[in-house]
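**Q** Residue numbers (our numbering): 1 to 382.
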Ligand SMILES: Nc1ncnc2c1ncn2[C@@H]1O[C@H](COP(=O)(O)OP(=O)(O)O)[C@@H](O)[C@H]1O
Ligand SMILES: [Mg+2]
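1) Is there a Cβ from chain D that is less than 7 Å from the Cβ of residue 211?
2) From which residue to which residue does the alpha helix (DSSP H) around residue 213 run?
3) Does DSSP classify residue 46 as helix, strand or coil?
4) Between the C-alpha atoms of residue 281 and residue 72, what's the straight-line distance to the nearest angstrom?
5) Report whether the distance from the Cβ of residue 258 to the nearest heavy atom of ligand 1 is below 6 Å.
6) Got a list of residues with beta-carbon closer than 6 Å to any non-hydrogen atom of ligand 2, in chain order?
7) Pick out the complete alpha helix (DSSP H) segments inside the stretch 144 to 198, 4 residues or longer, and give them in chain order.
8) Taking the straight line between their C-alpha atoms, what separation do you get for residue 304 and residue 32?
9) Check whether the stretch 111 to 118 touches the stretch 83 to 93, counting contact only when three or more Cβ pairs, one atom from each stretch, lie closer than 8 Å.
10) Say the cut is 6 Å; is the CB of residue 402 nearer than that to a heavy atom of ligand 1?
11) Whose C-beta lies closer than 7 Å to the C-beta of residue 77 among residues of the same chain, with five residues either side of it excluded?
12) By how many angstroms is the C-alpha of residue 59 removed from the C-alpha of residue 66?
13) Count the other CB atoms, across all protein chains shown, that sit within 10 Å of the CB of residue 10; report buried if there are 16 or more and exposed otherwise.
14) On the DSSP letters alone, give me the boundaries of the beta strand (DSSP E) that residue 134 sits inside.
15) Would you call the stretch 94 to 101 and the stretch 139 to 150 touching, i.e. three or more CB-CB distances under 8 Å?
16) Leaving out five residues on either side along the sequence, give the residues of the same chain with a beta carbon under 7 Å from the beta carbon of residue 446.
17) According to DSSP, is residue 324 helix, strand or coil?
18) For ligand 1, any of its heavy atoms closer than 6 Å to the Cβ of residue 236?
19) DSSP puts residue 370 in a beta bridge; with which residues?
20) If you draw a straight line from the C-alpha of residue 44 to the C-alpha of residue 196, how long is it?
21) Pairing CB atoms from the stretch 188 to 202 with CB atoms from the stretch 227 to 237, are three or more of them under 8 Å?
22) DSSP puts residue 20 in a beta bridge; with which residues?
23) What are the start and end residues of the beta strand (DSSP E) that includes residue 240?
24) With C-beta atoms as the reference, is residue 116 less than 7 Å away from residue 20?
25) Please identify the residue among 333, 250, 359 whose C-alpha is closest to the C-alpha of residue 135.
26) In this structure, how does DSSP classify residue 382 when only helix, strand and coil are distinguished?
27) For residue 234, which option in 39, 168, 247, 335 has the closest C-alpha, if you only look at C-alpha atoms?
28) Please return the same chain residues whose Cβ sits closer than 7 Å to the Cβ of residue 366, not counting the five positions on each side in sequence.
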């Protein structure tokens with residue numbers, strides 16, 4: 001029999017989506033086929049501390065305030081950025097001095113960085129894994145960073161012929177200097193309602209729907225709390241349509257789902273606090289609109305050079321029936337009841353099989369990467 005795949009599951013992290021990540025990780029742990037995988041759990045605290053065995057999930061739940069429980073449940077850990085090691089290291093204090101001792105905890109074949117938002121989904125974690133030369137699930141550095149940056153992503157999508165809502169980028173410095181002037185420019189360009197959002201974030205944190213000039217001023221200030229760059233967009237009266245994409249070089253699009261938010265828009269409360277938001281699979285939209293969404297989802301995935309998985313979210317204008325790509329999530333919510341896996345389940349791919357497929361895609365990508373000639377192997381002599 002083939003030996004088990006040694007899978008490192010990373011969860012938690014420094015973003016506002018820490019808890020969402022824990023939920024996704026619990027689902028994966030429950031569903032994953034233990035006959036195929038040796039699991040190593042790696043929890044990252046909200047402060048950015050890496051924690052490994054025996055129970056990093058419990059250690060994160062204990063929080064930083066409860067140092068004793070945390071220490072009992074997990075040891076500090078790290079990944080070396082050096083290629084070829086592929087080991088998770090335990091970090092322990094070496095006597096009473098300042099020195100530390102590193103010891104190998106586990107060897108890893110592949111990593112599933114199940115992190116959402118900044119410091120996980122945005123290319124930073126992917127950068128570390130690239131340095132370590134460890135295969136990992138999902139997109140690489142560029143696609144992760146592009147998808148996380150709503151402003152840059154729009155440039156690339158527009159160039160690829162994918163329709164996005166119009167936008168304006170303003171900086172925190174401009175907002176701090178003269179917020180009324182910034183609001184006046186935005187209000188001159190778009191009609192209300194107007195959305196403001198941090199360029200790099202997720203889970204609707206810092207996203208504001210402004211109905212008038214006063215709310216726009218407040219919205220600009222609120223969004224600027226979370227990022228140096230703020231996006232301003234015309235608000236569209238829209239249905240929210242989502243497509244799951246899976247694959248590397250020849251990605252497939254799932255059926256189309258619809259989210260019906262429990263509130264005026266799909267804000268943080270509607271996503272995680274209210275129980276009232278509904279997922280409808282398949283979305284009750286005309287077949288040609290659904291096909292347009294699936295085609296645009298794959299085009300967007302390829303335009304940013306995504307890999308493995310992405311959930312592509314659209315706004316379907318209720319008045320004009322125009323479809324706008326709103327955002328690409330390269331590490332979408334991944335609990336067994338999240339939209340991404342649900343859409344695949346509807347296509348006949350179960351949640352455990354989806355996990356297998358993602359790991360296989362990660363390993364396939366590494367094989368592709370290993371074909372690259374690197375300087376280390378010696379440049380061809382002239
Ligand atoms: N231009 C827009 N028009 C209408 N609704 C929008 C617009 N932009 C965002 N929204 C609403 O705000 C929610 C969160 O915005 P989004 O850009 O998806 O940020 P996040 O990455 O935080 O999910 C969307 O799901 C949608 O409900
Ligand atoms: Mg969104």
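Even glycine gets a Cβ: it sits at the ideal position worked out from N, Cα and C.
**A** Reading off the structure:
1) Among the protein chains of the structure shown there is no chain D, as only one such chain exists.
2) Boundaries of the alpha helix (DSSP H) around residue 213: 213 to 224.
3) coil
4) 43 Å
5) no
6) 313, 327
7) 150 to 159, 172 to 189
8) 29 Å
9) no
10) Outside the shown range of the chain, which is 1 to 382, sits residue 402, and nothing can be said about it.
11) 42, 50, 51, 52, 88, 89, 90, 91, 105
12) 9 Å
13) buried
14) Premise fails: residue 134 is in no beta strand (DSSP E) and is neither H nor E.
15) no
16) The structure shown has nothing for residue 446, since the chain only spans 1 to 382.
17) strand
18) yes
19) Beta-bridge partners of residue 370 (DSSP): none assigned.
20) The straight-line gap from Cα to Cα measures roughly 30 Å.
21) yes
22) Paired residues: none, contrary to the question.
23) Unbroken beta strand (DSSP E) run through residue 240: 238 to 247.
24) yes
25) 359
26) At residue 382 the pLDDT is 44, less than 50, meaning the model places this residue with poor confidence; the figure from the coordinates comes in the next sentence. Here residue 382 carries a coil assignment [DSSP, helix/strand/coil].
27) 168
28) 135
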